[in-house]
Structure formats: C-alpha cells, structure tokens
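All residue numbers for the sequence shown refer to the working numbering, where the first residue is 10 and numbers rise by one. Note that beta-carbon positions come from the ideal geometry of N, C-alpha and C, so glycine has one too. Beneath this line is the structure, given in structure tokens, with notes to follow.
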Amino acid sequence: MQLGIARKVEQKELRLPAGRIWYLPHHGVRHPARPNKVRIVFDASSVCEGVSLNSCLRKGPDLLNDLIPLLIQFRRFAVPVIADVERMFHQVQVPLHDQSFLRFLWTEGDEAPQTFQMTRQVFGLRSAPASFMYALKQCIMDHVDSVIGQQVRRSFYVDNYMDSFETVDEALSVCKELKRGLAVGDGLV
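Take a look at the structure:
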C-alpha cells in the first residue's frame, strides 16, 4: 500500500461501478532465501461461474525485441551493461476505470476482510506483458533523448536491459540518460 500499488476500497465504492467488478483470488509465496518476505500471487486464471478474468482479456501484440540480435549486440563491444526494471509490472498504472477488475480481499490477524484494488499492473494478467512493453517503449520515446532512445528501445528484453559500449564514459552517459528518462516518466507510469 505504501508504494501506491494498491489502495483500500471505501465502503461507498464497494458496489461501484456496477457490472465492472472482479475479485482476484491470491495466496502468499515464500522464497527460501528470504523466509521473512512473502510475495502475493494473484490468480487471474481462476474460474468463477465459467469465466476467468484472463479469459476476458486480450494478450495484445508481441512487442518483445528479438533475443538473438540483442545478445549479439550485447557482446559487440568491450563494456557490457545489464540492468533490470524493478517490480516491472508494478511500474505500469492501470487506468482508473479498469482498477475495479483488480479487487481482492485482505485481512490482518483476526480483523474482518477488507477490500482493496490494484492501481498498477498485476503479474499473471494475460495482457500484462504487452502493456508493460508498450509503456516502457512509450516512456523511452517520450522522455529519453531521441538518439539514445532508439538505441535503448532495441536493448530491452522484457524488463532486462542489455547493451555494450566502446567506452565506460559512453556506457555511463547512456545509462544516466536512460535512468533520468525513466524517472521523469515516474518509472513507466
């Protein structure tokens, strides 16, 4: 909640908008290396009355860069750079009119369950990969220097940035501009 990825649904909003509400089942997953951290996993493929949320969503176009040329480009020069978009799906804002499809129940201790809804993309939605790639490429086009932007748009495979440069200074310059552009775009939102 602190990151703005989800928000509590107020009592007066619970039945609104009529016909545009979906509750996502979820469960927690623990990583063996981080036993104190629980990752919440939503199940958009879960079926209710013969329908799942994913069955109502389109996959969208394949916006991934071709991996082979990307790997060749990565090995081309002496200075390699690898980066990752942190919490990639959570960087993409869900339009307000669609957030009610991403509701879930949450309880703390013995309290009654409360309703929340995601404000950002959810891993596991059929449309999430295309939404993320579109948002990433658009953010780069809108906020990164155009010459550098053309280069870095071709250097992502999903949330992984891979490129190589002739000099450390060139690598630092491109990375600084990419970081600045993504920050101006508030991640990718």
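Buried or exposed by the 16-neighbour rule on C-beta atoms within 10 Å, applied to L111: buried
Separation of T128 from G37, as counted between CA atoms: 19 Å
Beta-carbon proximity list for T176, same chain, < 6 Å, skipping 5 on both sides: none
What three-state label does DSSP hand L111 in the structure shown? helix
Nearest neighbour of S109, chosen from I77, V131, P89 [CA to CA]: V131
Status (buried if at least 16 other CB within 10 Å, exposed otherwise) for D178: exposed
8 Å Cβ cutoff met for V200 and F165: Since the first residue of the chain shown is 10 and the last is 198, residue 200 is not available in this structure.
Kindly give me the distance between the Cβ atoms of V167 and I149, rounded to whole angstroms, as I take these residues to be in contact under 8 Å. So it is not a contact: roughly 14 Å between Cβ atoms.
Simplified DSSP assignment, three categories, for K46: strand
Nonlocal neighbours in the same chain, by C-beta distance under 7 Å from K17, ignoring five residues either side: Q123, F125
With DSSP as the reference, please indicate the residues paired to V60 in a beta bridge. C57
If we count the other Cβ atoms within 10 Å of its Cβ and call it buried at 16 or more, is D172 buried or exposed? buried
For A180, tell me which candidate among R163, Y32, I91, H99 has the shortest Cα-Cα distance. I91
Measure the alpha-carbon distance for V156 versus A87 and round it to whole angstroms. 21 Å
Quick check: is any heavy atom of the ligand ADP less than 7 Å from the C-beta of Q130? Although the ligand ADP was asked about, the structure shown includes no ligands whatsoever.
Tell me the DSSP bridge mates of I91? M171
According to DSSP, simplified to helix, strand and coil, what is G190? helix
Between L23 and the rest of its own chain, which residues show a CB-CB distance below 7 Å, the 5 nearest in sequence each way excluded? T124
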